[in-house]
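Participant: Residues -15 to 510, numbered by this note's numbering, are exactly what the sequence shown covers, in order.
Just so it is clear, CB atoms sit at the ideal spot from N, CA and C, and this is done for glycine as well.
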Amino acid sequence: AEEFGNIYGLDVMEIPTNLPIKRADEDDEVYRTTEEKYKAIVDEIRAASAKGQPMLVGTTSIEKSEYLAERLRAEGVTNFQVLNARHHEQEAQIVAQAGVPGAITIATNMAGRGTDIQLGGNADMRIANELGEMEEGPERSKKEEAIRADIKALKEKALAAGGLYVLATERHESRRIDNQLRGRSGRQGDPGRSKFYLSLQDDLMRIFGSERMDGMLQKLGLKEGEAIIHPWINKALEKAQKKVEARNFDIRKNLLKYDDVMNDQRKVVFEQRLELMDGETLTETVAEMRQEVIDDMVARNIPEKAYAEQWDTETLREDVRTHLNLDLPVEDWAREEGIDDEHIRERLMEAADKAATERAERFGPEIMTYVEKTVLLQTLDHLWREHLVNLDHLRSVIGFRGYAQRDPLNEYKSEAFELFQGMLANLRQAVTAQLMRVELVREAADAPPPQVPAGEGVHVDATTGENDFGDGDGDTMTLAPPRQLAQVPAEERNPDDPSTWGKVGRNEACPCGSGKKYKHCHGAFA
């Protein structure tokens, strides 16, 4: 309740049971060693099964459930079922019979959760198994009545034996899971019983110094096979579980603070992405990005209040060629009398705007809008994925800042903000570089330029040089009509020749015969 309130701002209400609980929750039995504990468990299972009481034995892992099964076989007990993740297809059948008198079901803590174990067995499941092939009619109805009468008699026998007996072989760190296990018994007002068998060698007990307790118990004369049973032990174990839960809660709460940093950035990115998708024209957005790229280039290469002789005009000209796809006489401008950085900015903006306007006039408004939207969205998605990976790497190492007496969370916020600013700068540069290089490619000399009704029919094909965004000299980003592939019958496809496959759905089996989906096989390279 506290965690839901603090983290999610949600109130929690306890809902009363439909009928009063008649289950008897007995005190835990604590043994010195695991061997003594399992010996007592086997004896208890044998005794309860002999009097016809159905049992659910809870373990904390698949390995321990299989170990207990081996112990039971060694002791001659074979009328049990193992319910764990390795036999998930049989779970429904096993649970359906778990309430039959004398049944023994060994389950991991997470197996069968939420399933109602019905005393006497599940009538519907049994009818489906025994009469599944039989047609409707008087004969089937008669047999159904017989099955339900038999299950009713078995339920009375199970109730007389004490109801479902939940026996747990170990306590979990979380009380919630222990309570879930107890809750399998005593459903809908039925009688039941639950009990935990523990040893000082259990994981939870070792956390809280069971070695010291073991030495003390030996001095007090506790003999082998004897158990400690007292309500104080139950309370002590509950306190131990509360400490572990509080520690885990603090860990989750701290992780949430780191997630909030990423979530704030995610909101900004997705809000911007929605604006891009909904916008009818992105010319103004692209122009603002182009201006910021030019401002950054000038600021990097022309120091504030510096003389023209101190300007790095060679690098500035190279940056202009890389990001704007323009070859401008920047060195000649720097030699002019009275020139300053503001004049350089204005000339670069004028030249870039002119080139962008000419390109837009050649393409037409529909195609240009489609190209701008495609480039912006694809580049944003690519950089955002990279940014998330970078944040994960940052989070994995930021804890070391604590050795320098710095708060890792504040350091993470600062570094994450710088990474985010860098991502936005890369977005502006990449989008500007691509849009300043984009060109139309026609299939034939006399073919009309491709039309783009409702944002379809054109795909972007970039030939790149030095990086993923086509920033190399002379690179052009081209537009061409998409290649349409026809459907080809499966028998006409050659597994060794992808050119004969035609159009293949991403979720279809790959025609090469690998058994994988196309998107995970040859489609990954398409």
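Does the beta-carbon distance from histidine 307 to methionine 281 come in below 8 Å?
Facilitator: Yes, Cβ-Cβ distance for histidine 307 and methionine 281 is below 8 Å.
Participant: Using only the alpha-carbon positions, how far apart do leucine 300 and arginine 284 sit?
Facilitator: Roughly 8 Å between the two C-alpha positions.
Participant: Alpha carbon to alpha carbon, how far is glutamate 350 from valine 359?
Facilitator: Distance between the alpha carbons of glutamate 350 and valine 359 is about 14 Å.
Participant: If you draw a straight line from the alpha carbon of glutamate 276 to that of glutamate 293, how long is it in whole angstroms?
Facilitator: Glutamate 276 and glutamate 293: Cα-Cα distance of roughly 25 Å.
Participant: Kindly indicate which three-state DSSP category glutamate 157 falls into: helix, strand or coil?
Facilitator: Glutamate 157: coil per DSSP, three-state reduction.
Participant: Have a look at the DSSP bridge pairing and note the partners of alanine 514.
Facilitator: Look at the range of the chain in this structure, -15 to 510, and you will see that residue 514 is not part of it.
Participant: According to DSSP, simplified to helix, strand and coil, what is tyrosine 181?
Facilitator: Correct three-state label for tyrosine 181: strand.
Participant: Leaving out five residues before and five after serine 380 in sequence, what residues of the same chain have Cβ atoms less than 7 Å from its Cβ?
Facilitator: No residues qualify anywhere along the chain.
Participant: Please classify glycine 121: is it buried, with 16 or more other beta-carbons within 10 angstroms of its beta-carbon, or exposed?
Facilitator: Exposed: under 16 other Cβ atoms inside 10 Å.
Participant: Please name the residue in Gln418, Arg412, Val425 and Leu375 whose C-alpha comes closest to that of glutamate 402.
Facilitator: Checking every option, the nearest Cα to that of glutamate 402 belongs to Leu375.
Participant: Could you work out which residue in Asp100, Ala91 and Val228 is closest to glutamate 157 when comparing CA atoms only?
Facilitator: Glutamate 157 has its Cα closest to that of Val228, out of Asp100, Ala91 and Val228.
Participant: DSSP three-state label for tyrosine 291, please.
Facilitator: Note: tyrosine 291 maps to coil in three-state DSSP.
Participant: Sort Glu345, Ala24, Pro392 and Glu59 by Cα distance to lysine 179 and report the nearest one.
Facilitator: Closest by alpha carbon: Ala24.
Participant: Tell me alanine 152's beta-bridge partners as DSSP assigns them.
Facilitator: According to DSSP, which records beta bridges pairwise, alanine 152 is partnered with Gly42 and Phe180.
Participant: Less than 8 Å between the C-beta atoms of threonine 484 and arginine 490, yes or no?
Facilitator: No.
Participant: Per DSSP, what kind of secondary structure is alanine 91 in: helix, strand or coil?
Facilitator: In this structure, alanine 91 counts as strand in the three-state DSSP scheme.
Participant: Can you tell which of Asn410, Arg124 and Arg177 has the C-alpha that lies nearest to the C-alpha of methionine 39?
Facilitator: When each option's Cα is compared against that of methionine 39, the closest is Arg177.
Participant: With DSSP as the reference, label glycine 173 as helix, strand or coil.
Facilitator: It is helical.
Participant: With DSSP collapsed to three states, give me the class of glutamate 6.
Facilitator: According to the sequence provided, residue 6 is lysine. The question's glutamate does not apply to it. Lysine 6: strand per DSSP, three-state reduction.
Participant: Which first and last residues belong to the beta strand (DSSP E) in which phenylalanine 384 is found?
Facilitator: Where phenylalanine 384 is concerned, there is no enclosing beta strand (DSSP E), given that its DSSP letter is neither H nor E.
Participant: Leaving out five residues on either side along the sequence, give the residues of the same chain with a beta carbon under 8 Å from the beta carbon of alanine 142.
Facilitator: Gly36, Gln37, Pro38, Gly83, Val84, Pro85, Leu103, Gly104 and Leu148, listed in sequence order.
Participant: Among the candidates Ile88, Arg343 and Asp9, whose CA atom is the shortest distance from the CA of serine 166?
Facilitator: Note on residue identity: the sequence assigns arginine, not serine, to residue 166. That would be Asp9, whose Cα lies nearest to the Cα of arginine 166.
Participant: Thinking C-beta only, is threonine 341 closer than 8 Å to leucine 266?
Facilitator: The answer is no: Cβ separation not under 8 Å.
Participant: Is it buried or exposed, phenylalanine 384, if we count other Cβ atoms within 10 angstroms and call 16 or more buried?
Facilitator: Classification for phenylalanine 384: exposed.
Participant: Among residues of its own chain, excluding the 5 on either side of glutamate 533, which ones have a beta-carbon nearer than 6 Å to its beta-carbon?
Facilitator: Nothing can be reported for residue 533, as the shown portion of the chain is limited to -15 through 510.
Participant: Should valine 41 and leucine 151 be called a contact, given that it needs their Cβ atoms to be closer than 8 Å?
Facilitator: Cβ atoms of valine 41 and leucine 151: closer than 8 Å.
Participant: Smallest Cα separation from glutamine 405: which of Ala144, Ala31, His371 and Gln389?
Facilitator: Among Ala144, Ala31, His371 and Gln389, the Cα nearest to that of glutamine 405 belongs to His371.
Participant: Report the residue from Val61, Glu222, Glu298 and Ala388 whose alpha carbon sits nearest the alpha carbon of arginine 159.
Facilitator: For arginine 159, the nearest C-alpha among the options comes from Glu222.
Participant: Quick check: the Cα distance between leucine 411 and serine 398, rounded to an integer number of angstroms?
Facilitator: If you take the alpha carbons of leucine 411 and serine 398, they lie about 20 Å apart.
Participant: Are the Cβ atoms of isoleucine 88 and serine 49 separated by less than 8 Å?
Facilitator: Contact flag unset, no.
Participant: Could you please give the first and the last residue of the uninterrupted alpha helix (DSSP H) stretch that includes valine 277?
Facilitator: 267 to 285 is the extent of the alpha helix (DSSP H) around valine 277.
Participant: Out of Glu154, Gln164 and Pro175, state which residue places its alpha-carbon closest to the alpha-carbon of glutamine 185.
Facilitator: Closest by alpha carbon: Glu154.
Participant: Give every residue of the same chain whose Cβ lies closer than 8 Å to the Cβ of leucine 378, excluding the five residues on either side of it in the sequence, and list them in chain order.
Facilitator: Tyr396, Glu399, Ala400 and Leu403.
Participant: Name the two residues that bound the continuous beta strand (DSSP E) containing leucine 67.
Facilitator: 64 to 67 is the span of the beta strand (DSSP E), which, as asked, contains leucine 67.
Participant: Counting pairs of Cβ atoms below 8 Å between the stretch 205 to 220 and the stretch -2 to 15, do you hit three or more?
Facilitator: A contact exists between the stretch 205 to 220 and the stretch -2 to 15.
Participant: Hey, how far is the Cα of alanine 318 from the Cα of lysine 338?
Facilitator: Taking the straight line from one Cα to the other gives about 21 Å.
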